[in-house]
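First up is the structure itself, then whatever we jot down about it.
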Amino acid sequence: MVIEILFDESCNLFGDGQNSAYLKATLPEAQFIYTKITDVPYFVEQDPDIIYIGSMSESVQRRVINKLMPYKERLFALVEKGTPILATGNAGEIFCKHIQYVTEELEIDGLGIFDINVKTDLFDRYNGKVLADFENFKLVGFRSQFSMLYGDNTDYAFTKVIRGIGINRDSKLEGLRRNNLICTHILGPILPLNPLFCEYFIALTGTKAEAAHKEAALSAYYQRIKEFEDPVVPC
Amino acid sequence: MKKIRYYFALHVAKLAQFLMKLLGRNATFLPGKIAIKLSPDFLKHLTPPKTVIAVTGTNGKTTVSNLLSSILTQNGYSITNNSFGSNVQAGVISALIEDTTIFGKPKKDIAVLEVDERSSLLIYPDLKPDYLVCNNIMRDSLKRNAHTEFIQFIISKALPLSTKLVLNADDIISSSLKKDGQACVYFGISAEKPEGNIPQHIKDIVYCPECGAILESEYVRYNHIGRHFCTACQFQSEAPDYVITEIDREKDMFTILSKDGEEKYNLINDNIVNVYNFAAAIALLKELGLDHEQIAKGFSKTKIVKTRFEEIESGNLKITMLMAKGQNPIACARCYDYVAKVPGDNKCAILVVDDKDDNINNSESTCWLYDCDYSALADPSIKQVIFCGPRCKDHLLRALLAGVDESKISITEDCSESVNLLNTDICQHIYVLHELYRPEDARTVKNGLISLGKETHHGN
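Chains as they are written, first to last, in this note's numbering: chain A, 30 to 264; chain B, 49 to 508.
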């Protein structure tokens, strides 16, 4: 199995970098390719089994979009083919149609896989938790962001939240999904925090694997679900 | 009219300060809050002391501002500072109000103000500091500080060009705060250069600020602190004006080289993070015009405050209390690294770090644990690791992922229980790494260890 981690040197804010570490611990036999911003991505010529990209600063986000724009068609083809791609935090925004950076007074086009617009304001930070139903288990996680998404994701939301917000403060539909491309504003260590989701995501490749340190991970996961379900705990 | 509002706000805030103190309260935040409420541009009208020094940055601002205040006071200057209070706008204003007469005149010569980076825009445009010391800009609370580019943007936007900067040459992010035409001096450390490029868990700057190419490193001390250069353009780390050339850990002395030549000072603490703090303080004091004798006198009489570093002996146990700021991944990782590197092979690390209280008014996030490098805890000299408190299961998972051997980890949600988990047969030097905002838990562990030390001693 080949796993490509895109731009890990800078797309690793908020603990996102440890998602690849958790994949590595779960899939010790897999080959990991760490593509730097100055490299030609592996996916351009080859078929990775999984692609992961994590949270980044706003300037890096613009640079990543510039970098990936020439490979947009190839990325679309991989998405249509069903390659599992996970984008956490604001990484998923690169697949949206348009991004407005309010503070910097800039507007740019994204890769346009989703007909969704992004508004980023450095003086409007949102912090919160997510508790969501997903498949036959629950998802837990954290959000911390300057951006909100606008548009109708009814047909391609990643998940519906039980607590927390969706793509913006008025939405309960979190994230974006097309085939196995999953974009979620849940940031940080989503895989170690959700060992069942980690197993689900790996299973999208057709491989079954048990999440690393599963006993410890499940113990922390169930405690977190219990806490997040408590209405007294702010979300 | 605005001036009348200012005086009204000043008098009400001073009255509030007086009454709060009468009631035994700190009065280090609310008076400032009242002043801002009554006069939103209060700071613009306030006459500050003749010299205003702001100390900011992710790590080290409390230590640097305490050092500055202490040494300046020892040399006869009268100081306004907020070392016992808040470092946000209301805290800074409270400190200034306390040392302002009812006629609006400053009572002290110099203000040494620790300023939260996020508060820059609310403070610097009006207060216009004469000097700004910035020790480093690093990953911090993701909820408040987001990322370093954001913090750099905020400080840079807020700072007037008239402020003279004292910046860390070994931190490209903070050294980039200097704008064209701005006066600036740099400090750094050339002693104990690490050999080669040790891979870092996270780096907050990887691209050249000039051309965007991936930076090369001559060496990295931790995270992005070190010396860097770009092979695609001429960019390189700034040359320091004040550089620590020698750290003599046996004699507890260090040498700093500047335009005044080589000078020696007492090494108050040998953690490299604190050595940077000392370099920052000396650079600023020298820029203020103090000489070696005046500064050295201060260094010989100053200690790191007990809430941050304390050593206790109890029976056979040596207990070191070390503050490890929660939500601050690099500060915590530096503490783990420090414990691993201290000589000895009978060490235990007890972690009392969690931010569950954040849930009271906010939404707690534990993501930072994964930005924090736990691999130092795998060091064979650390025989036991005990995680206590409500987040012990998260710490356990994080430590396992970092390669810490499960057999040496114990967890308990009850901090008082941690002492019972300690194996004194293999661990006699206990490091308690504790969170600033959980002093009661840290005290519980400390007192438990002191009692255990006495019992073990008597048992022998």
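The beta carbon of each residue, even a glycine, is placed where N, CA and C say it ideally should be. Since we're looking at a predicted model, the values are computed, not measured.
Relative to the alpha-carbon of residue i, which residue among the options has its alpha-carbon at the smallest distance?
{"i": "B:V181", "options": "B:D174, B:S204, B:A194 and B:R382", "result": "B:S204"}
{"i": "B:L484", "options": "B:I360, B:L225 and B:V401", "result": "B:V401"}
{"i": "B:H482", "options": "B:K62, B:G374 and B:K502", "result": "B:G374"}
{"i": "A:Y81", "options": "A:L178, A:V73 and A:A120", "result": "A:A120"}
{"i": "B:T95", "options": "B:H272, B:I459, B:A64 and B:L58", "result": "B:L58"}
{"i": "B:L215", "options": "B:E488, B:S458, B:I127 and B:T106", "result": "B:T106"}
{"i": "B:G392", "options": "B:S466, B:C475, B:R382 and B:I330", "result": "B:C475"}
{"i": "A:K237", "options": "A:A59, A:G46, A:S49 and A:R172", "result": "A:A59"}
{"i": "B:D164", "options": "B:K307, B:S131, B:C281 and B:F151", "result": "B:S131"}
{"i": "B:V390", "options": "B:A194, B:D403, B:N376 and B:L370", "result": "B:L370"}
{"i": "B:M301", "options": "B:A344, B:K307, B:Q284 and B:G337", "result": "B:A344"}
{"i": "B:T148", "options": "B:L470, B:L115, B:Y54 and B:F347", "result": "B:Y54"}
{"i": "B:G337", "options": "B:Y125, B:C396 and B:N325", "result": "B:Y125"}
{"i": "B:T99", "options": "B:L116, B:P88, B:Y234 and B:D188", "result": "B:L116"}
{"i": "B:Y324", "options": "B:F283, B:D405, B:I185 and B:L209", "result": "B:I185"}
{"i": "B:D188", "options": "B:G108, B:N123 and B:E503", "result": "B:G108"}
{"i": "A:A54", "options": "A:F257, A:F105, A:K243 and A:A249", "result": "A:K243"}
{"i": "B:K31", "options": "B:L469, B:H443, B:S413 and B:W416", "result": "Given that chain B is displayed from residue 49 to residue 508, the structure contains no residue 31 of chain B and the question cannot be resolved."}
{"i": "A:Y51", "options": "A:A241, A:I194, A:F152 and A:R206", "result": "A:A241"}
Counting contacts by CB-CB distance shorter than 8 Å, is residue i in contact with chain B?
{"i": "A:L104", "result": "no"}
{"i": "A:N27", "result": "Residue 27 of chain A lies beyond the range of chain A shown here (30 to 264); nothing can be said about it."}
{"i": "A:S49", "result": "no"}
{"i": "A:L168", "result": "no"}
{"i": "A:L151", "result": "yes"}
{"i": "A:F171", "result": "yes"}
{"i": "A:V262", "result": "yes"}
{"i": "A:K201", "result": "no"}
Spell out whether any CB of chain A is found under 8 Å from the CB atom of residue i.
{"i": "B:K92", "result": "no"}
{"i": "B:S411", "result": "yes"}
{"i": "B:F283", "result": "no"}
{"i": "B:E197", "result": "yes"}
{"i": "B:L170", "result": "no"}
{"i": "B:N183", "result": "no"}
{"i": "B:L469", "result": "no"}
{"i": "B:K191", "result": "yes"}
{"i": "B:D385", "result": "no"}
{"i": "B:L494", "result": "This sequence places Lys at residue 494 of chain B; Leu is not what is there. False, the Cβ-Cβ gap to chain A never drops below 8 Å."}
{"i": "B:Y418", "result": "yes"}
{"i": "B:K441", "result": "yes"}
{"i": "B:V254", "result": "yes"}
{"i": "B:C415", "result": "yes"}
I'd like to know whether the C-beta atoms of residue i and residue j end up nearer to each other than 8 Å.
{"i": "B:H276", "j": "B:S265", "result": "yes"}
{"i": "B:I221", "j": "B:R166", "result": "no"}
{"i": "A:L266", "j": "A:N197", "result": "An answer regarding residue 266 of chain A cannot be provided, because it is not within the stretch 30 to 264 covered by chain A."}
{"i": "B:S455", "j": "A:C264", "result": "no"}
{"i": "B:A287", "j": "B:A217", "result": "yes"}
{"i": "A:N182", "j": "A:G111", "result": "no"}
{"i": "A:F72", "j": "A:L216", "result": "no"}
{"i": "B:P97", "j": "B:D157", "result": "yes"}
{"i": "A:P221", "j": "B:L445", "result": "yes"}
{"i": "B:Y290", "j": "B:I304", "result": "yes"}
{"i": "B:D427", "j": "B:A388", "result": "yes"}
{"i": "B:D385", "j": "B:A447", "result": "no"}
{"i": "B:Y270", "j": "B:R192", "result": "no"}
{"i": "A:K167", "j": "A:I32", "result": "no"}
{"i": "B:Y267", "j": "B:P247", "result": "no"}
{"i": "B:G437", "j": "B:C396", "result": "no"}
{"i": "A:I123", "j": "A:Q90", "result": "yes"}
{"i": "A:A161", "j": "A:I191", "result": "yes"}
{"i": "B:I262", "j": "A:T67", "result": "yes"}
{"i": "B:T404", "j": "B:R439", "result": "It should be noted that the sequence gives Lys, not Thr, for residue 404 of chain B. Yes; because the gap between Cβ atoms is below 8 Å, this pair is in contact."}
{"i": "A:I62", "j": "A:P77", "result": "yes"}
{"i": "B:G496", "j": "B:V467", "result": "yes"}
{"i": "A:P113", "j": "A:T234", "result": "yes"}
{"i": "B:E146", "j": "B:T110", "result": "no"}
According to DSSP, which residues form a beta bridge with residue i?
{"i": "A:S173", "result": "A:N156"}
{"i": "B:M369", "result": "B:E358 and B:V480"}
{"i": "B:Y270", "result": "B:I273"}
Do residue i and the ligand COA come close, with the Cβ less than 7 Å from some heavy atom?
{"i": "A:T64", "result": "Looking for the ligand COA in the displayed structure turns up nothing, as the structure carries no ligands at all."}
Cβ pair count under 8 Å reaching 3, the segment 131-145 of chain B against the segment 79-88 of chain B: Touching, per the Cβ criterion.
Check whether the segment 100-111 of chain A touches the segment 129-149 of chain A, counting contact only when three or more Cβ pairs, one atom from each stretch, lie closer than 8 Å. A contact between stretches requires three or more CB pairs, one per stretch, nearer than 8 Å, and the segment 100-111 of chain A meets this requirement with the segment 129-149 of chain A.
Would you say the segment 103-117 of chain B touches the segment 169-185 of chain B, given that touching needs at least three Cβ pairs under 8 Å? The segment 103-117 of chain B is in contact with the segment 169-185 of chain B.
Three or more C-beta pairs below 8 Å linking the segment 85-95 of chain A and the segment 32-42 of chain A: Yes: at least three Cβ pairs fall under 8 Å.
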